[in-house]
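Residue numbers (the working numbering), protein chains in the order written: chain L, 32 to 476; chain Y, 3 to 317.
These notes concern the structure reproduced below.
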Amino acid sequence: MTMSHTSITVDQLSKRYRIGAKQKKQDTLGGAILDLARRPWTNLRRLRNLTTFSDDEKEDDTIWALRDVSFEIKSGETVGIIGSNGAGKSTLLKILSRITQPTRGTAAVNGRVSSLLEVGTGFHPDLTGRENVYLNGAILGMTRNEIDRKFDDIVDFSDVAKFIDTPVKRYSSGMTLRLAFSVAAHLEPEILMVDEVLAVGDIRFQKKCLGKMGEVASQGRTVLYVAHNMPAISRLCQRAILMGNGRVVQDGPVHEVISTYLNSGLGTSAVREWPDLAQAPGGDIARLCAVRVADEDGEILDAVDIRKPFRIEMEYEVLMSGYVLLPHLYIYNDEGVCAFGAQDLDPEWRGRKRPTGRYISTVWIPGNLMAEGRFFVDANMIAVEPFIFQYWSRSSVAFMVTDSLDGDSSRGDWTGHMPGVVRPMLRWTTRHGQRVAEGAATAAR
Amino acid sequence: MSRSPLPENPGWLPPAQTGTRQDETSARILDIAASRPPASPPWRNPGLIGAERWSLASKLAELWQYRELFYFLVWRDVKVRYAQSILGIGWAVIQPLVPMILFTVIFGRVAKISSDGIPYALFSLTGLVPWTYFSNALNDSSGSLVKEVNMLNKIYFPRLIIPLTSVLGRLIDLVISFVLLFLLMAWYRTMPTPWVVLLPLLTAMAIITASGLGLWLSALAVQYRDVRYGLPFVVPFLMYAAPVVYPTSLIPERYRYFYAVNPLVGVIEGFRATLLGSGPVPWDLIGIGAVSALLMLLLGSVYFIGKEPVFADVA
């Protein structure tokens, strides 16, 4: 597959929707009755206008879901689309998969497209699993022969073989979902467009789906992927497009774009400062001034490469001298699981009473320690001997660890899900013998 | 050392999973990785999004390309219609049978309406068989787009398929009710005329009429839900505007061609003439009805195709 071939060209794509305008409320009974009588006419006008727009761009009951969006995707590229709710991601995908039409602009899509805006479209509860596989396959664009050929694979993959001739309404929701996804997973498109399909279903199945998508992407097929799952995006995609208010905010290498996104509005970013000491967390002895996540050179860093060491700095002001202080951090993943706690072990200050002034305590986190994903840092301070609590600033900063598929992180060549909150690089050795059992017995003796 | 795309057994997996499903998954993935994407069929590359042009020919070609989906949807429609019911397909018999009994008592015995010398039960059933098909097909198809709004919002396919599916899906009921009609004809020892070969043509007229109106009403219902509430009033009215309970001979001669603009007039009188030999084949009524039916189909599809781009936005 040549890389120069263009799969998707989007040119100045815009989409305008009409949102319901507020209806005037009548205060008097007479007014209300009159209003009721007039209602059919106003309704007619309103419904009619759903699909017509005047040239006045500032009409207050319309919104531009997309505005002059342009980009190009080469064949074989895997591109993630990110952005907060209402940024226009889904609208874009709907236009590219021909479900709705743009108000202005054009898009060209070259190749056999499968768009998965949900799994299980067209599933009917009264039909059996087998019948639904055929129906759903046809809906997703498979031919009957193709489904015949893949039927056994689809059923195996879904794990519902035993119930394949039972009506789907007797399935658990998880079983239905697995069957539905299995059909989707056996599509062989040249261009795959996926919209947060993976947001449903149990975690394990989600991971299975991600692994599957990684494989689709690695075979030179074009993948357009919309999701909120940052680790997945950073792993699957080389490139990302950040959308905001219907426009393309940034289009570039995935790590840069994710970093922009995380900084833009999620609230918790890689740096947090409390300029006003009076408002800062803390007690009489110490107050928190700032927490930062930074790379080796001190550059603030939202997205951390899993292989690279980085640091977390805690800046604080000591207001009363004569106390032994213990700055420490707790690090949680986005499921709320604590990865670890770490306390200041700097020998210079360990067990030593601190004079007043400004301090920065820095902890160095080695490369190949954290798992990929988003982490939140609690910055804490206690005085010891006597024990006096000072502050516990929950989720004061957040950062994102991204794992690459280069093969030199601890995920090796595996592209799928890896469990755990840490992902250390460990040494492995292998013994190989013709008869392992005998070898083990010899070693035991 | 060659790097395999996947380790055969990733060491970090819990033992319960190793060796079974994960390996299967890996094998399956390797399988797919080895396969090449199939060449794209030409219809998967329709024109530029946002600058589409359509012609009747291109729409028909698209319908043909999606014929398998069409087939599966009709099949689903038939399959689930009487799912989890005791009588199942028996309802297709009851639907014309019960009104037949009712009409025979009320219009045949009490009101003594003329039936052109044919036993009233047979007379009315011959009208009710195509009529029941038509009204069910119209009801189903006009609500079909609203019912399948989820599909409209999630997947691309020619939207024409949806209302047409309902029209074709009801043909099974028609076939079943034909069996009832033939049984009743045998009971009254009535032989069909040789003109019975016209029956498929007359049925096609009913299909075309239901399609034309169904396309128009389904597209209208997407934007104006009033269709759903209005139709139950209009459909019985339409029945009395067709010769279901009375013969066309009751209509004054000078209004008859105007009356025949309703294609069901030609269909029902055609049924009676060819099956029961109630009179000569009414070519004039059938001819006017056929033109009117085709016109309805044309206008219905044009309206539908014109509204098609906004279905997902409005529904």
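Note that beta-carbon positions come from the ideal geometry of N, C-alpha and C, so glycine has one too.
Residue i versus residue j - alpha carbon distance
i, j, result
"leucine 296 of chain Y", "glycine 172 of chain L", "31 Å"
"phenylalanine 182 of chain L", "tyrosine 158 of chain Y", "23 Å"
"glycine 119 of chain L", "proline 245 of chain Y", "55 Å"
"lysine 309 of chain Y", "glycine 142 of chain L", "27 Å"
"phenylalanine 105 of chain Y", "isoleucine 195 of chain L", "47 Å"
"histidine 36 of chain L", "aspartate 409 of chain L", "48 Å"
"leucine 350 of chain L", "serine 115 of chain L", "41 Å"
"serine 116 of chain Y", "methionine 241 of chain Y", "17 Å"
"glycine 353 of chain Y", "leucine 233 of chain Y", "Beyond the ends of chain Y as shown, which are 3 and 317, falls residue 353 of chain Y; an answer cannot be given."
"isoleucine 26 of chain L", "arginine 458 of chain L", "This structure cannot speak to residue 26 of chain L, because chain L is shown only from 32 to 476."
"glycine 61 of chain L", "asparagine 364 of chain L", "60 Å"
"glycine 153 of chain L", "alanine 321 of chain L", "53 Å"
"proline 39 of chain Y", "valine 144 of chain L", "Model confidence at proline 39 of chain Y stands at a pLDDT of 42, short of 50, so the residue's coordinates are unreliable and nothing is read from them."
"valine 453 of chain L", "phenylalanine 430 of chain L", "14 Å"
"serine 60 of chain Y", "glutamine 67 of chain Y", "10 Å"
"arginine 135 of chain L", "tyrosine 257 of chain Y", "51 Å"
"serine 440 of chain L", "serine 146 of chain L", "32 Å"
"tryptophan 189 of chain Y", "alanine 123 of chain Y", "11 Å"
"arginine 79 of chain L", "leucine 222 of chain Y", "11 Å"
"tyrosine 347 of chain L", "arginine 389 of chain L", "6 Å"
"methionine 153 of chain Y", "leucine 166 of chain L", "12 Å"
"proline 220 of chain L", "valine 428 of chain L", "41 Å"
"phenylalanine 407 of chain L", "isoleucine 289 of chain L", "16 Å"
"arginine 161 of chain L", "isoleucine 209 of chain Y", "31 Å"
Simplified DSSP state of residue i, which is helix, strand or coil
i, result
"alanine 221 of chain Y", "helix"
"tryptophan 77 of chain Y", "helix"
"isoleucine 337 of chain L", "coil"
"serine 87 of chain Y", "coil"
"leucine 319 of chain L", "strand"
"histidine 359 of chain L", "strand"
"phenylalanine 430 of chain L", "strand"
"tyrosine 158 of chain Y", "coil"
"alanine 63 of chain L", "helix"
"phenylalanine 371 of chain L", "strand"
"asparagine 80 of chain L", "helix"
"glycine 388 of chain L", "strand"
"aspartate 275 of chain L", "Checking the displayed sequence, the identity of residue 275 of chain L turns out to be glycine instead of aspartate. Looking at glycine 275 of chain L - three-state DSSP - the assignment turns out to be strand."
"leucine 170 of chain Y", "helix"
"isoleucine 130 of chain L", "coil"
"methionine 449 of chain L", "coil"
"glycine 216 of chain Y", "helix"
"arginine 270 of chain L", "strand"
"aspartate 409 of chain L", "strand"
"leucine 204 of chain Y", "helix"
"lysine 114 of chain Y", "coil"
"glycine 119 of chain Y", "coil"
"glutamate 379 of chain L", "coil"
"proline 284 of chain Y", "coil"
"aspartate 282 of chain L", "strand"
"phenylalanine 154 of chain L", "coil"
"valine 57 of chain Y", "Residue 57 of chain Y is actually serine in this sequence, not valine. It is coil, neither helix nor strand."
Contact set for residue i: own chain, Cβ-Cβ below 8 Å, skip 5 residues either direction
i, result
"arginine 5 of chain Y", "Residue placement at arginine 5 of chain Y is flagged as unreliable, the pLDDT there being 40, under the threshold of 50; the coordinate-derived value follows with that caveat. Same-chain partners within the cutoff: there are none."
"leucine 277 of chain Y", "Thr128, Leu183, Met187, Thr192, Pro194, Thr195, Val198 and Leu201"
"arginine 383 of chain L", "Val355"
Check: residue i C-beta below 7 Å from any heavy atom of the ligand NAD
i, result
"phenylalanine 159 of chain Y", "Summarising the ligand content, the structure contains no ligands, and the ligand NAD is consequently not present."
Cβ-based neighbour list, residue i, same chain, cut-off 6 Å, excluding 5 preceding and 5 following
i, result
"glutamate 304 of chain L", "Ala321"
"isoleucine 39 of chain L", "Ile104 and Val140"
"leucine 287 of chain Y", "Ala262, Val267, Gly268 and Glu271"
"arginine 425 of chain L", "Asp409"
"aspartate 142 of chain Y", "Ser168"
"aspartate 157 of chain L", "Pro198"
Cutoff 7 Å; reference residue i; Cβ partners in own chain excluding five residues on either side
i, result
"glycine 279 of chain Y", "Thr195"
- Task: Below 8 Å between beta carbons is the criterion; list the residues of the segment 218-234 of chain Y that meet it against any residue of chain L, in chain order.
- Result: Gln225 and Tyr226
- Item | Positions along the segment 70-89 of chain Y whose CB lies within less than 7 Å of some CB in chain L | Glu70, Leu71, Phe74, Arg78, Lys81, Val82, Ala85 and Gln86
- Task: Note down, in chain order, all residues in the segment 127-145 of chain L with a beta-carbon under 8 Å from any beta-carbon belonging to chain Y.
- Result: Leu127, Ser128, Arg129, Ile130, Thr131, Gln132, Pro133, Arg135, Gly136, Thr137, Ala138, Ala139, Val140, Asn141, Gly142, Arg143 and Val144
- Item | Near-chain Y residues of the segment 189-208 of chain L - C-beta to any C-beta below 7 Å | none
- Residues of the segment 147-164 of chain Y whose Cβ lies closer than 9 Å to any Cβ of chain L, in chain order: Glu150, Asn152, Met153, Leu154, Asn155, Lys156, Ile157, Tyr158 and Phe159
- Query: For the segment 162-195 of chain Y, which residues have a beta carbon sitting closer than 9 Å to at least one beta carbon of chain L?
  - Reply: none
- At 4 residues or longer, and completely inside the segment 176-232 of chain L: list those alpha helix (DSSP H) runs for me, N to C. 204-216
- Task: Please list the residues of the segment 118-141 of chain Y that have a C-beta atom closer than 8 Å to any C-beta atom in chain L, keeping them in chain order.
- Result: none
- Which of the residues in the segment 149-163 of chain L, read from start to end, lie with their CB under 8 Å from any CB of chain Y? Glu149, Thr152, Gly153, His155, Asp157, Leu158 and Glu162
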